[in-house]
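For reference, the structure is listed below as structure tokens.
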Ligand SMILES: [Zn+2]
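Numbering (my numbering), first residue to last: 304 to 797.
The following block contains the structure:
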């Protein structure tokens, strides 16, 4: 017996039996997902979206196929993935639309209608990006674009970021169609391009050119996580806010010349000194309401010492020490509490015996939403205090967006279903230090929530954008189950 009988029954069952106790063993989960308990006398109605075990296996094949389509950005080549997805949907009798952005780069969109006339403010958008970051093949033990499944894992670039969400969204979308359910809102599937570079083919272009096709009040995107420690899910983080990424280019200029007669204006020395100061800069604390809520929720799960400091992070007397303690304990916590800057690229010189006339450094700044780049850069300029250096703020930086609300029915539902799926663990609002497509959506009044309901250990999480990216099969199946439940409960008429 399996799956969702009716949603309400499923809820009661889960509460009664606390069936889901996530185990990290990649082989054990299918059994858990499929073996839902008997219905304790609650009358059953016909299946709504069915048992997700088979669906998850199908979706795993889509994920494998998507990994095999190399969408490394640049150049992206997302059109190939868009066409593949349109093909999967066509088999279900769903007509998808390819949205052309730039040559070779497209988004893909499809819609399940609730009524003849759409109400965008109610619509739910399922969004995931189709592009991936590059690989260093020499560091991989398997072909990163081979779609290899072995040892209980799906291996490959994008297996987590973000093709796992792409395939899971596809599964949830198709489940609704197959279930022949009555929707209470339109549900829109969207595969985006160019998320990793945020260039001309990215979400901002989809919004500029095709907003009417994706206009929605709510969205599910990447950005959250289910954190696994010691083989068990610890908590679920739902991304409702994100930091803003801005690059700044520093150029030091000097006269240049023969290195046998060095001068004090050597641009290499000036840029190095600037990078040293910037690299050691620590911005003041800026605690947002989301980050406060996050620490509050996390405190009971941490060790005694960490927990103690999390509870007083915002107090006048012990706050300062707490902030220092938490900053030292975790680079992510540090970045959640303040603007940060990281020098990322250096460029100078053409010959060993020539002092160049220019030297360059790129620094990447991550702002707490609401903080302004000009103020931050001015602080850095004062710190560096070097008239030989020019500062150019990149114009294609991210935009600060308002938080998604913690008071919507949708957030409440995500919280409830996630807690049930993962054995009653806390569900916390989260500000991601990384950027996603959600900022663009939030700027257009979409209540976007970042999930990745595939439970991951820190070790597997670290492989995102790194070497040997892989996703436990059991985590994927669990994620599909969670996502199907969230989407179905929000969009299906009872
Ligand atoms: Zn991503």
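Glycine included, every Cβ here is placed at the ideal spot set by N, Cα and C.
Quantities reported herein were computed from a predicted structural model and do not represent experimental measurements.
The set of residues with any CB-heavy atom separation to ligand 1 below 6 angstroms comprises, in chain order, 432, 464, 465, 498 and 525. Each residue's CA atom was taken as its position, placing residue 608 and residue 758 some 26 angstroms apart. As computed with DSSP, residue 750 is found in a beta bridge with 521.
Within the same chain, 369, 372, 374, 433 and 494 come within 7 angstroms of residue 384 by CB-CB distance, once the 5 residues on both sides are set aside. Residue pairing from DSSP places residue 694 in a beta bridge opposite 553. Judged by their CB atoms, residue 460 and residue 435 are nearer to each other than the 8 angstroms cut-off.
Cβ-Cβ separation between residue 706 and residue 544: approximately 4 angstroms, consistent with a contact (criterion under 8 angstroms). For residue 388, the enclosing alpha helix (DSSP H) has its first and last residue at 381-394.
According to the DSSP assignment, residue 428 belongs to the beta strand (DSSP E) that extends over 427-432.
Excluding residues up to 5 positions away in sequence, 644, 683 and 686 lie with their Cβ nearer than 7 angstroms to the Cβ of residue 584 in the same chain. In the three-state scheme derived from DSSP, where H, G and I count as helix and E and B as strand, residue 458 is classed as strand. Restricting attention to 425, 753 and 528, the CA atom closest to the CA of residue 761 is found in 528. Distances from the alpha-carbon of residue 648 to those of 662, 657 and 716 put 662 closest.
Residue 525 has its alpha-carbon roughly 19 angstroms from the corresponding atom of residue 712. Boundaries of the alpha helix (DSSP H) around residue 474: 466-482. A direct Cα-to-Cα measurement between residue 404 and residue 511 gives close to 10 angstroms.
Ranked by how close their Cα comes to the Cα of residue 557, the residues 377, 578, 689 and 402 have 689 in first place. Within a 10 Å sphere around the beta-carbon of residue 465 sit 16 or more other beta-carbons, which makes this residue buried. Remark: three or more beta-carbon pairs, one from each stretch, lie closer than 8 angstroms, so the region 652-659 and the region 561-581 are flagged as touching. The Cβ-Cβ distance between residue 546 and residue 738 falls below 8 angstroms.
Exclusion of the five residues before and after residue 691 leaves 555, 556, 557, 568, 570 and 573 as the residues of its chain whose Cβ lies within less than 8 angstroms of its Cβ. When rounded, the separation of the alpha-carbon atoms in residue 541 and residue 606 is 22 angstroms. Pairing residue 488 with residue 790, the inter-Cα distance amounts to about 11 angstroms.
For residue 643, the enclosing beta strand (DSSP E) has its first and last residue at 643-651. Membership of residue 370 in the alpha helix (DSSP H) is indicated by the continuous run 355-371. Per DSSP, the beta bridge partners of residue 760 are 531.
Of all C-beta pairs linking the region 612-631 to the region 595-604, three or more are shorter than 8 angstroms, placing the two stretches in contact. A residue is called buried once 16 or more other Cβ atoms fall within 10 Å of its Cβ, and residue 419, having fewer, is exposed. Look at residue 744 here: in three-state DSSP terms it is helix.
Using a 10 angstroms sphere on the CB of residue 376, the tally of other CB atoms reaches 16 or more, which defines it as buried. Taking a 10 Å sphere around the C-beta of residue 634, we find fewer than 16 other C-beta atoms and assign the residue as exposed. The beta carbon of residue 660 sits closer than 8 angstroms to those of 556, 557, 558, 559 and 570, all from its chain and outside the five residues before and after it, given in chain order.
DSSP, reduced to helix, strand and coil, places residue 494 within a strand of the structure shown.
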